[in-house]
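Everything on this sheet refers to the single structure shown next.
As structure tokens, this is what we get:
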């Protein structure tokens, strides 16, 4: 919570924080599949989604008797910029390569945050040897999913490269968001990053040459759903969870995204999945459950 000392908040790994993080990851899994299935350009979808999401966040903030200030926007600027770059790159990648690759490549970020987190946020963010082993196992499973798709018709190396850029932007977003948790409440921060990330997205969309004209009526329910689920629910839940779990754990739990996304794409938009990819997904899930069910550690002395 905003009023707690940083050391007390960072030490705690609560079940509610894990549940909130998994809620966000599950919602984001559907985002890529919806984007893949809509007959619109990736950045066109993103533009309408972000405008709707931003309007929703500002409206709800107003109903709570709050408003965004220049100081709030300044604090949220790093996170909002990182989020804007991440979603721009991801929504582009998902239209160019397989759903497996677009989501799986981003799953390499836990390896970065496992080592960066303690340096930025102190000993309370340090993972045990078991945690690190499970994270590496999960990433190995992710690699099986990714390389298992190289012979599939939707695979595109350019899309993979763009997805790699999204991975680094997302890691930046998690770090920037963690740093704001003692300054802004999660909802206020989500609203501020919505505004900033929309401003980041718009120039890319305008310069992309994609058709940004008014969407067909059949697309609007999906666009509104993207604004509410992967937008309002997911970002608020994620930012709330960052006060309750270490940033490396949040990043590791993001490995739920590629597994769930691939399964949804296979089930609903008939995207091919190679048998070996199911093996990789099983490895990821086993490793993630081991992380989530890890024994509690004693608090780190302040």
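Residue numbers (the numbering used here): 272 to 573.
Virtual Cβ for every residue (Gly too), placed ideally from N, Cα, C.
In this text the structure is predicted, and so the values were computed from the model without any measurement.
Check your understanding: What are the start and end residues of each continuous alpha helix (DSSP H) run of 4 or more residues lying completely inside the stretch 407-480, in chain order?
Key -> 428-451 and 457-478
**Study point:** Spatially closest choice to residue 478 from 304, 323, 543 and 314, by CA coordinates
**Key:** Measuring from the Cα of residue 478, the nearest candidate turns out to be 314.
Review point. From residue 434 to residue 364, what does the alpha carbon distance come to, in whole angstroms?
Key: Spanning the two alpha carbons is a distance of roughly 5 angstroms.
Exercise for review: Check each candidate in 456, 376 and 470 and name the one with the smallest Cα separation from residue 215.
Suggested key: Outside the shown range of the chain, which is 272 to 573, sits residue 215, and nothing can be said about it.
Point to revise | Residue burial classification, residue 237 (beta-carbon count within 10 angstroms, cutoff 16) | key: Nothing can be reported for residue 237: it is not among the residues displayed for the chain, which extend from 272 to 573.
Point to revise | Cα-Cα separation between residue 352 and residue 415, rounded to whole angstroms | key: 31 angstroms
Review point. Applying the criterion that 16 or more other CB atoms from any shown protein chain within 10 Å of the CB defines a buried residue, is residue 568 buried or exposed?
Key: Confidence at residue 568 is low in this model, with a pLDDT of 48, below 50, so the placement of that residue is unreliable and no value is reported for it.
Practice item. Have a look at 532, 345 and 452 and flag the residue whose alpha-carbon is nearest the alpha-carbon of residue 507. Key: For the residues 532, 345 and 452, the minimum Cα distance to residue 507 belongs to 452.
**Study point:** Inter-residue Cα distance where the pair is residue 272 and residue 432
**Key:** Low local confidence applies: a pLDDT of 39 at residue 272 is under 50, so the model's placement there is unreliable, with the coordinate-based value given in what follows. Distance between the alpha carbons of residue 272 and residue 432 is about 38 angstroms.
Point to revise | Residue environment, residue 299, which counts as buried when at least 16 other CB atoms sit within 10 Å | key: Residue 299 should be labelled buried.
Exercise for review: Measure from the alpha carbon of residue 446 to the alpha carbon of each residue in 518, 316 and 544, then state which is nearest.
Suggested key: Ranking the options by Cα distance to residue 446, first place goes to 518.
Check your understanding: Exposed or buried, which one is residue 287 when buried takes at least 16 other CB atoms within 10 Å?
Key -> exposed
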